[in-house]
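Colleague:
Number of protein chains: 2
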Amino acid sequence: MVEQDRARGTGPGARERRPDRKPTMADIAQHVGVSRALVSIVFRGKEGASEETRRRIFEAAAELGYRPDSLARGLRSNRTRTLGVLFDLRRPFEVELVEHMYPAAEQLGYHLLLGAVTPTRGQEHVVDELLRYRCEGLIVVGPDLDGHRLDAIADEVRLVEVGRAVTRGPVDVVRNDDALGTRQAVEHLVALGHRRITHIDGGPNPGASDRRAGYQRAMTDHGLAGEIRVVPAGYTDEDGAAAGRRLLDGPLPTAVIAANDQAAIGLLDVMLRAGVRVPQDLSVVGYDDSRFAKLPGIDLTSVRQDIPGMADFAIKAVVERLDLPEREPKQIALPPQLVVRGTTAAPHGA
Amino acid sequence: MVEQDRARGTGPGARERRPDRKPTMADIAQHVGVSRALVSIVFRGKEGASEETRRRIFEAAAELGYRPDSLARGLRSNRTRTLGVLFDLRRPFEVELVEHMYPAAEQLGYHLLLGAVTPTRGQEHVVDELLRYRCEGLIVVGPDLDGHRLDAIADEVRLVEVGRAVTRGPVDVVRNDDALGTRQAVEHLVALGHRRITHIDGGPNPGASDRRAGYQRAMTDHGLAGEIRVVPAGYTDEDGAAAGRRLLDGPLPTAVIAANDQAAIGLLDVMLRAGVRVPQDLSVVGYDDSRFAKLPGIDLTSVRQDIPGMADFAIKAVVERLDLPEREPKQIALPPQLVVRGTTAAPHGA
DNA sequence: TTGTAAGCGTTATCAC
DNA sequence: GTGATAACGCTTACAA
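If you read the protein sequences in the order shown, they are chains X and L.
Under the UniProt record's numbering, the letters of the first sequence match residues 1 to 350, in that order.
Under the UniProt record's numbering, the letters of the second sequence match residues 1 to 350, in that order.
Here it is, written out as structure tokens:
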């Protein structure tokens, strides 16, 4: 027997007890009395092993507590079947997106390797980490790197951007149709009878300019170009509160559309403290349909992004480009959906 | 030159363009004209290479776009310096905990491998995945597996449990001192002059029984055993709202301590709708100091767990046990801190 | 200071 | 159906 390689002593001292070493395929092979190659075949589910052998190998594996080694496997096969996902742990939206990527990846036979951006780990650092683990594709949620850097990365690995496009290279992009969301909000309010609808702007934040543009175009389309009013703000409570205070200085609109939920909540608070009743005196719409929007006592009408759809698209896009190397990259903007809750109603005079 | 191994053709056809293959140490070695071993030494920062050689190797690495291969490294050295972290992506508390683990791990020279539990991936599945990547230690946040299973895992890898202890094996455990948190809440309220303090119970949820016990003991210690009142509820908005409605059936206490923020918020909503003013008529304390508690318009007094402290302890514990194999496992309960906000004040009669 | 050679646990390519 | 053998990219004695 030439290939006895790492066979351990089976002399009188070696009883039935568990070995102190992690069992390998060689151990199973030895235990069953076949070659390692055959064990490998069985574990990969390839054909080329008899039913009887399969059974005995699985049996031995269970008995020895064997677990395949992803490192060795990836190294040798040059195929990790792993997708890296770069996202920001502090953003609930991105976390939820990641959650939805799992079933999609699993179904296509890929693993997810999470690369969390945190205050101590920038995107560049995380990309490097992911690439060292040989992930075959990279999904970057909320890319923050400059376009050139990302183009260089796209050169090394299949890339998908989620949220916004910062590159012109061969990269798939999936994002929310931000403009459509604010349009839906405008249309909902117009249908309720509102005309004086103000937008609380998101400033330089991701998606904010499209949300503003969607508002402006929808207002124009409904003959309300003269009613367009944009109050500069941002994505935080405090931004929304400040915008609310500005609004209180003049005659109130009958409805506001905030660039996101946080700002809407800050604004809501200022309004309620000032004695403005919502939705009787003022209708308020948020954006993101975050957990805050669903809270009793807030119950905010809000625009929900299609998170499962985006997750699904991102995974499928990268896997497709892995399987069909010459497939052209796609770009897509998924439609959001307005979730109507308690902060919107017909205006007073209607 | 015996060791020219995978040297690629450098003939007339091979211009300066980037190779289509990922560069390896062999490429750098060849480029510089040294052995692979030397390149390895340099990349690991070990001494035994001249300054000049170091410089030239780093230069070549940068030029070729080299990136060390974590798979090969881990496989060969049998040392991945990787810690697996099992946590639930849906629980903001756990996500925040993970975020704080990064700096601690990085400082000790370890990487984190995230194992996210989601509705489609149970704890067992995630543990298996993590172990296949050869992580050397495993941090299980909110263990849900039964004790025997976890004991078996502790047999394969250094284990730390965060949140609760489900095993008796050689395992470190770090958790919040849940009872101390409710005690702090009781003492805060008593200092404000409250006596009729009711606890909104967390039911069978993690930490809930300790929170209840802390409340009961603190009440007793302040001579308020006769005022102890526990309303069964849970950890959701709806649980809190239901408890609030029950409370409204009888004479109101002057203060309530909810088992968590969600329940507190559900209760708050019911109270405000019923015309009960907070904090004038009723003081409310939550638990977790979640993002909800900080929202303007909620501004909830709440008990904050020491998340950075727990993260730090978990990482240090597992690394210590990796470095000092015979170190005894530790168990610790970290003290939380009461964060006083707008929902607590002196009772009416005070 | 530097090079040689032997693996780590797996898969791929041949043979038989 | 099955087995031997050579890699994958790296680390680690040990030799020079």
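Even for Gly, the Cβ is constructed at its ideal location relative to N, Cα and C.
None of the values given here were measured: they were computed from a predicted structure.
Measure the alpha-carbon distance for A154/L versus G169/L and round it to whole angstroms.
Modeller: Rounded to whole angstroms, A154/L to G169/L spans 7 Å at the Cα level.
Colleague: Residue ranges of each beta strand (DSSP E) run of no fewer than 3 residues wholly in the region 115-151 of chain L, ordered along the chain?
Modeller: With a minimum length of 3 residues, the continuous beta strand (DSSP E) runs that stay inside the region 115-151 of chain L are 137-141.
Colleague: Taking C-beta pairs closer than 9 Å, name the residues in chain L that V98/X reaches, listed in chain order.
Modeller: Those are L89, A116 and T118, listed as they occur along chain L.
Colleague: Report the residue ranges of all beta strand (DSSP E) runs contained in full by the region 144-211 of chain L; include only those spanning at least 3 residues, in chain order.
Modeller: If we require 3 residues or more, the beta strand (DSSP E) runs fully inside the region 144-211 of chain L come out as 158-162, 172-176 and 197-200.
Colleague: Could you give the residue range of the beta strand (DSSP E) that holds G286/L?
Modeller: S283 to Y287 is the span of the beta strand (DSSP E), which, as asked, contains G286/L.
Colleague: Among L150/L, A105/L and E156/L, whose alpha-carbon lies nearest the alpha-carbon of V166/L?
Modeller: Of the candidates L150/L, A105/L and E156/L, the one whose C-alpha sits nearest the C-alpha of V166/L is L150/L.
Colleague: Would you say V276/X lies against chain L (beta-carbon separation less than 9 Å)?
Modeller: No, because no Cβ of chain L sits closer than 9 Å to the Cβ of V276/X.
Colleague: State yes or no: is the beta carbon of V285/L nearer than 9 Å to at least one beta carbon in chain X?
Modeller: Cβ-Cβ to chain X under 9 Å: no for V285/L.
Colleague: Taking G250/L as the reference, give the member of T198/L, L138/L, L268/L and A233/L with the closest Cα.
Modeller: Residue T198/L is the option with its Cα nearest to G250/L.
Colleague: How is the alpha helix (DSSP H) around D323/L delimited, first residue to last?
Modeller: I307 to D323 is the extent of the alpha helix (DSSP H) around D323/L.
Colleague: Which same chain residues, not among the five before or five after K330/L, have their C-beta less than 7 Å away from its C-beta?
Modeller: Same-chain partners within the cutoff: D172 and A317.
Colleague: Can you pull out the residues from the region 280-304 of chain L whose beta carbon lies closer than 7 Å to at least one beta carbon of chain X?
Modeller: Under the 7 Å Cβ criterion, the region 280-304 of chain L contributes F292, L295, P296 and G297.
Colleague: With distances taken between CB atoms, is the gap from M101/X to A314/X smaller than 9 Å?
Modeller: Yes. Within cutoff.
Colleague: Any C-beta of chain X within less than 7 Å: which residues of the region 65-79 of chain L qualify?
Modeller: Answer in chain order: R67, P68, D69, S70, L71, A72, G74 and L75.
Colleague: Going by beta-carbon coordinates alone, are R291/X and P92/X separated by less than 9 Å?
Modeller: Contact flag set, yes.
Colleague: Distance cutoff 9 Å, beta carbons only. Does H148/X sit that close to anything in chain L?
Modeller: No, no contact with chain L.
Colleague: What does E241/X touch in chain L if you count any residue whose Cβ is under 7 Å from its own?
Modeller: According to the sequence shown, residue 241/X is Ala rather than Glu. In chain order: P296.
Colleague: Between residue 413/L and chain X, is there a C-beta pair that is closer than 9 Å?
Modeller: Shown here, chain L extends from 1 to 350; a query on residue 413/L therefore has no answer.
Colleague: I'd like the ranges of any beta strand (DSSP E) spanning at least 3 consecutive residues and lying wholly in the UniProt domain "HTH lacI-type" (23-77) of chain X.
Modeller: Complete beta strand (DSSP E) runs here, min 3: none at all.
Colleague: Report the residue from D239/X, V126/X, E124/X and D299/X whose alpha carbon sits nearest the alpha carbon of I200/X.
Modeller: Of the candidates D239/X, V126/X, E124/X and D299/X, the one whose C-alpha sits nearest the C-alpha of I200/X is D239/X.
Colleague: On a CA-only basis, which of R21/L, V42/L and D20/L is nearest A29/L? Give me that one, please.
Modeller: Taking only the C-alpha atoms, the option nearest A29/L is V42/L.
Colleague: Have a look at A213/L, A61/L and A49/L and flag the residue whose alpha-carbon is nearest the alpha-carbon of K22/L.
Modeller: Answer by Cα proximity: A61/L.
Colleague: Determine the direct distance from the alpha carbon of G33/X to that of G11/X, and round the result to whole angstroms.
Modeller: Bear in mind that a pLDDT of 35 at G11/X, under 50, signals an unreliable position, so the model cannot answer this.
Colleague: Please classify P325/L as buried or exposed, where buried requires at least 16 neighbouring CB atoms within 10 angstroms.
Modeller: Classification of P325/L: exposed, given that the 10 Å Cβ count is below 16.
Colleague: Could you work out which residues of chain X lie near V95/L, taking near to mean beta carbons separated by less than 7 Å?
Modeller: Ordered by position in chain X, the residues that pass the 7 Å Cβ test against V95/L are L89 and V95.
Colleague: Taking contact to mean at least 3 C-beta pairs separated by less than 8 Å, is the region 122-137 of chain X in contact with the region 294-309 of chain X?
Modeller: No, they do not touch.
Colleague: Is the beta carbon of G309/L sitting closer than 9 Å to the one on L334/L?
Modeller: Closer than 9 Å, so yes.
Colleague: For N260/L, which residues of its own chain have a beta-carbon under 7 Å away from its beta-carbon, when the five flanking residues on both sides are left out?
Modeller: Within the same chain, N260/L has close Cβ partners G202, Y235, G286, Y287 and D288.
Colleague: Which ranges would you report for the beta strand (DSSP E) in the region 209-290 of chain L if only whole runs of at least 3 residues count?
Modeller: Correct list: 229-231, 255-258 and 283-287.
Colleague: Taking P204/L as the query, report the chain X residues whose CB atoms sit under 9 Å from its CB, ordered along the chain.
Modeller: Near P204/L there are no residues of chain X at all, since even the closest Cβ is about 23 Å away, more than 9 Å.
Colleague: With C-beta atoms as the reference, is L89/X less than 9 Å away from A105/X?
Modeller: Going by C-beta atoms, L89/X is not nearer than 9 Å to A105/X.
Colleague: Out of L86/X, R81/X and V256/X, point me to the one whose CA is closest to Q123/X's CA.
Modeller: Answer by Cα proximity: L86/X.
Colleague: So for H111/X, helix, strand or coil by DSSP?
Modeller: Reduced to three states, the DSSP call for H111/X is strand.
Colleague: Should G9/X go down as buried or exposed, given a rule of 16 or more other Cβ atoms within 10 Å for buried?
Modeller: Unreliable placement is indicated for G9/X, whose pLDDT of 38 sits below 50; no coordinate value is reported for it.
Colleague: Applying a beta-carbon distance threshold of less than 7 Å, which residues of chain X neighbour L268/L?
Modeller: The answer, in chain order, is G297.
Colleague: Give the secondary structure of A333/X by DSSP, where H, G and I count as helix, E and B as strand, and everything else as coil.
Modeller: Correct three-state label for A333/X: strand.
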